[in-house]
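Residue numbers for the sequence shown follow full-length UniProt numbering, so the first one is 1 and each next one is one higher.
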Amino acid sequence: MSLEDSLRSLSLDYLNLLINGQAFSDVTFSVEGRLVHAHRCILAARSLFFRKFFCGPDPLSPPTGSPRGSAGGGVVIPVNSVGYEVFLLVLQFLYSGQVTIAPQKHEPRPDCGDRGCWHTHCSSAVDLALDTLSAARSFGIEQLALLSQVQPSRPLI
């Protein structure tokens, strides 16, 4: 197995942790009313913002004896600064080092009436790329910020 194959496998293994939701998760976020389960160690390892958030003073004051942000402790961290789709893209990048910044093809987009559109250049794709750029800067993920500035229609690795 080549180094590239090994890294791709590792990337997919971490991404599967995110996709499988609650499996081994220790933090839960609420984004646009939807719960997103994640893993503090991965977020803290990949983002200075999350490292400071999880290691700094507790902004939510969970019950005594309950790990901060723990799914078991019932603490749910609200995320109001970004939308659900963008937050998932940020997490996808943090977990795998890869992301495709393009709106879901089959998802109805209010500003794109073309059923054949692959959302490569329409305003939905541009808006998603800009929102991802903003979120990447907010969460201190400079590599994602740089990647979100290229054409949003191709996978970013």
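Note that beta-carbon positions come from the ideal geometry of N, C-alpha and C, so glycine has one too.
Original post:
Apart from the five residues on each side of it in sequence, which residues of its chain come closer than 7 Å, Cβ to Cβ, to leucine 133?
Top reply: Here residue 133 refers to the residue found at position 133 of the sequence shown. Take leucine 133, set aside five residues on each side of it, and the residues of its chain with a beta-carbon closer than 7 Å to its own are Ala145, Ser148 and Gln149, in chain order.
Original post:
Since valine 90 is in the alpha helix (DSSP H), which residue starts that stretch and which ends it?
Top reply: Position 90 of the sequence shown, counted from the first residue, corresponds to residue 90. From DSSP, the alpha helix (DSSP H) with valine 90 extends over 84-96.
Original post:
With a Cβ-Cβ cutoff of 8 Å, do leucine 35 and valine 99 count as a contact?
Top reply: As a working note, residue 35 is residue 35 in the sequence shown. As a working note, residue 99 is residue 99 in the sequence shown. In this structure, the beta-carbon distance from leucine 35 to valine 99 does not fall below 8 Å.
Subject >> First and last residue of the uninterrupted alpha helix (DSSP H) at isoleucine 141 >> reply: Taking the first residue of the sequence shown as 1, we reach residue 141 at position 141. The continuous stretches of alpha helix (DSSP H) do not include isoleucine 141, and DSSP gives it neither H nor E.
**OP:** Would you kindly report the start and end of the unbroken beta strand (DSSP E) that includes leucine 30?
**Re:** Mapped onto the sequence shown, residue 30 falls at position 30. It is worth fixing the name first, because residue 30 is serine in this sequence and not leucine. Counting along the chain, the beta strand (DSSP E) containing serine 30 begins and ends at 27-31.
**OP:** Write down the C-beta distance between glutamate 32 and glycine 83 rounded to the nearest angstrom, noting that I regard them as a contact closer than 8 Å.
**Re:** As a first step, residue 32 must be located in the sequence shown, where it is residue number 32. As a first step, residue 83 must be located in the sequence shown, where it is residue number 83. Correct: roughly 6 Å between the Cβ atoms.
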